[in-house]
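In the UniProt record's numbering, the protein residues as written are 1 to 324.
Using N, Cα and C, we set each Cβ at its ideal position, and we do this for glycine too.
Please read these numbers as outputs of a predicted model, since none were measured by experiment.
Down below is the structure, laid out as structure tokens.
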Amino acid sequence: MVKTKGRDGGRGKKDNRGRDGAAPAPDCREATAMAAQMPQLAGRGLEAPRFHSTRWHVHQRFTAEDDPDRTRLPWRPPKFVSYTDPASQKAVAEELRLPKDLDAVPGYGQSFARVVRNVLSAAHCAELIASANVKGFTPALLNIGGGRQQLVPGARDGHRVIVDNLELADWLLGVFLPFLPKELEDGSRLSEMNERLRFLCYTPGQEFPAHRDACFERWEGHPHAGDFSFVTVQLYLHDVPRANGGATTFVMAGRPSHQPEAGSVLLFTQDLLHEGSLVERGIKYTLRTEVMHSRPGAKVPLRTGRSAPQAAADGGEAEAGTAA
């Protein structure tokens, strides 16, 4: 047994981690107690996470054919995606103050990090959490290249649900499209948001140490082959009190950070070193994906949940709902 932060948020308490650093997911009683420590969401207690049972061992490797994240299972987005106009969300943005001496990314432009608020209502956040729990969370794996993943809790400790859903991805992009660069310095153009959506869940003692997000590139044979990511989208599904930890913190002078607020999104360029800071108490739910860009000269229309007139007003050219 090793000393770490206990699941009740206390310091220096023992838990049941083995020598390899892995810990079993909280049971139903523990998860319910953690959720009860959190602020209410949409007038109700925060829904406790449901963990899907696995028998994985630390350092176990998986291939795409193994589908450890069960991405082939059907999943439906919440109903609000069908009846709520993304432009009605009244989103507003605020720049995080990064050091002035940060270098621009060659060919792409200046690094940035900005918080967009009012992307989702509290009720929408609650619906998303419930939809993720229908599938159930499994341990977050580390991408090791070649389509392979590995369970390495020492490098990445948390749980996730992965779904592929164009409808929700398009809707979200329709909300914060005005706050994204439409074109990079090399002429690459914003085309869509990656439909691969990762719901993340962290419990006390878990964190994602300092790292840079990998660039996601569409594979050969995909209709948008060659499209790549440059901006990460981190969506926060509930309030996390500062005393609970769990901020997204940039590892640089001044350590600029964003403490999770229900319905807010942190947009940042993928060159920035950052961490998912230690959760000390309660629960932290987020949803992560990335904005995709097409190479210069590619004839790829903008795919967004906004209507064609709205997209045009924001600098886009495509009709809403264009399939990938």
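Fill in: Val-134 in three-state terms, based on DSSP
Note: Val-134 maps to helix in three-state DSSP.
Discussion item. With a threshold of 6 Å on Cβ separation, who are the neighbours of Val-116 within its own chain once the five nearest residues in sequence on each side are excluded?
Written reply: Excluding residues within five positions, the ones whose Cβ falls inside 6 Å are Ala-91, Ala-93, Phe-176, Phe-179 and Val-265.
Worksheet item: Are the Cβ atoms of Gly-245 and Leu-278 separated by less than 8 Å?
Response: In this structure, Gly-245 lies near Leu-278, with their beta-carbon atoms less than 8 Å apart.
Item to complete: Within the same chain, show all residues whose beta-carbon is closer than 6 Å to that of Val-152, passing over the 5 residues directly before and after it, in chain order.
Response: Result list for Val-152: Leu-142, in chain order.
Discussion item. For residue 330 and Phe-51, I'd like the C-alpha separation in whole angstroms.
Written reply: In the structure displayed, the chain extends from 1 to 324; residue 330 sits before or after that span and is not available.
Worksheet item: Touch check for the region 129-137 and the region 50-67: three-plus C-beta pairs under 8 Å?
Response: Enough Cβ pairs lie closer than 8 Å, so yes.
Worksheet item: Which same chain residues, not among the five before or five after Glu-95, have their C-beta less than 6 Å away from its C-beta?
Response: Excluding positions up to five away in sequence, the list reads Arg-114.
Worksheet item: To which residues does DSSP link Asn-165 through a beta bridge?
Response: Assignment of beta-bridge partners to Asn-165 by DSSP yields no partner.
Worksheet item: Applying the criterion that 16 or more other CB atoms from any shown protein chain within 10 Å of the CB defines a buried residue, is Ser-188 buried or exposed?
Response: Buried.
Item to complete: Just the C-alpha distance for Pro-129 and Ala-155, rounded to the nearest angstrom, thanks.
Response: The amino acid at residue 129 is misidentified as Pro; the sequence shows Ile. Those two C-alpha atoms are separated by around 25 Å.
Worksheet entry | Contacting residues, own chain, Cβ-Cβ under 6 Å from Ala-31 (five flanking each side not counted) | The residues are Ala-48 and Pro-49.
Discussion item. Just list the residues that DSSP pairs Tyr-108 with in beta bridges.
Written reply: Tyr-108 pairs with nothing; no bridge assigned.
Fill in: Own chain partners of Asn-194 with C-beta closer than 8 Å, once the 5 adjacent residues on each side are dropped
Same-chain partners within the cutoff: Ala-169, Phe-216, Ser-229, Thr-289, Glu-290, Val-291 and Met-292.
Item to complete: Under the assumption that Val-300 contacts Ser-191 (Cβ atoms under 8 Å), give the Cβ distance between them as a whole number of angstroms.
Response: Contact between Val-300 and Ser-191 holds: their C-beta atoms lie close to 5 Å from each other, under 8 Å.
Discussion item. Check this for me: beta carbons of Val-119 and Leu-235, under 8 Å apart or not?
Written reply: Yes.
Worksheet item: Is the beta carbon of Leu-197 less than 8 Å from the beta carbon of Val-251?
Response: It is not a contact, given that the beta carbons lie outside the stated cut-off.
Worksheet item: What span of residues does the beta strand (DSSP E) with Arg-115 cover, start to end?
Response: Reading off the sequence shown, one finds Val at residue 115, where the question assumed Arg. Looking at the DSSP string, the run of the beta strand (DSSP E) that includes Val-115 is 113-117.
Worksheet item: If we count the other Cβ atoms within 10 Å of its Cβ and call it buried at 16 or more, is Gly-45 buried or exposed?
Response: Exposed.
Worksheet item: Is Gly-263 closer than 8 Å to Ala-122 when the C-beta atoms are compared?
Response: With contacts defined by Cβ atoms closer than 8 Å, Ala-122 and Gly-263 form a contacting pair.
Worksheet item: Per DSSP, what kind of secondary structure is Ala-91 in: helix, strand or coil?
Response: In this structure, Ala-91 counts as coil in the three-state DSSP scheme.
Worksheet item: If you run the structure through DSSP and keep just helix, strand and coil, what is Val-231?
Response: Here DSSP, grouped into helix, strand and coil, assigns Val-231 to strand.
Item to complete: Kindly indicate the opening and closing residues of the beta strand (DSSP E) around Cys-201.
Response: In the DSSP assignment, Cys-201 falls within the unbroken beta strand (DSSP E) covering 196-202.
Discussion item. Between Glu-275 and Asp-239, how many whole angstroms is the CB-CB distance? I'm expecting something under 8 Å.
Written reply: Asp-239 and Glu-275 do not touch by the CB rule: their CB atoms are close to 20 Å apart, not below 8 Å.
Discussion item. Looking only at its chain, what residues have a beta carbon closer than 8 Å to the beta carbon of Pro-39, apart from the 5 residues adjacent to it on each side?
Written reply: Taken in chain order, the residues that qualify are Leu-46, His-238, Asp-239 and Pro-241.
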